[in-house]
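Each step along the sequence shown adds one to the number in my numbering, with nothing skipped, and position 116 is 118. Each residue gets a CB set at the ideal place from its N, CA and C atoms; glycine is no exception.
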Amino acid sequence: QVQVVESGGDLVQAGGSLRLSCTASGSIYSINVMGWYRQAPGKQRELVADITGRGGTNYKDSVKGRFTISRGNANNTVYLQMNSLKPEDTAIYYCNVLTVNNNHYWGQGTQVTVSS
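Below, the structure is given as structure tokens:
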């Protein structure tokens with residue numbers, strides 16, 4: 003089992019920045035990929051960015067050049083640096099952990115609101 007906790011969501015003006023943090027605990031030796039998803043009201047949850055244990059990254063097209071995902075040295079933390087935020091980035095952001103056994107674990111979500 004893996005427990006996932008996110009933090010860092012807030013209300014910010016358009017053009018501003020936020021940094022989301024996520025820490026996994028429990029069976030962290032089994033962690034493979036860590037990522038960030040988001041879900042806006044009335045929309046499906048979507049992948050924002052993810053990163054493998056070797057540092058390979060993948061980004062949603064609309065956030066490329068604005069968001070940066072990174073993992074901590076202990077490999078059980080992941081960060082999402084979000085710059086040049088837009089109102090359309092408003093959503094609940096969820097941290098996801100994918101283990102080597104293909105099990106997904108989710109955090110409770112953190113609200114990001116970007117005002118125009």
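The beta carbon of Ser19 is closer than 8 Å to those of Gln83, Met84, Asn85, Ser86, Leu87 in its chain, skipping five residues each way along the sequence. Judged by their CB atoms, Val114 and Ala93 are nearer to each other than the 8 Å cut-off. Here Val102 carries a coil assignment [DSSP, helix/strand/coil]. Using a Cβ distance threshold of 8 Å, Tyr81 and Val6 do not count as a contacting pair.
For Ser72 and Ile53, the gap between their C-alpha atoms comes out near 7 Å. The criterion of a C-beta distance shorter than 8 Å is satisfied by Gly11 and Leu22. With 16 or more neighbouring CB atoms inside 10 Å of its own CB, Glu8 falls in the buried class.
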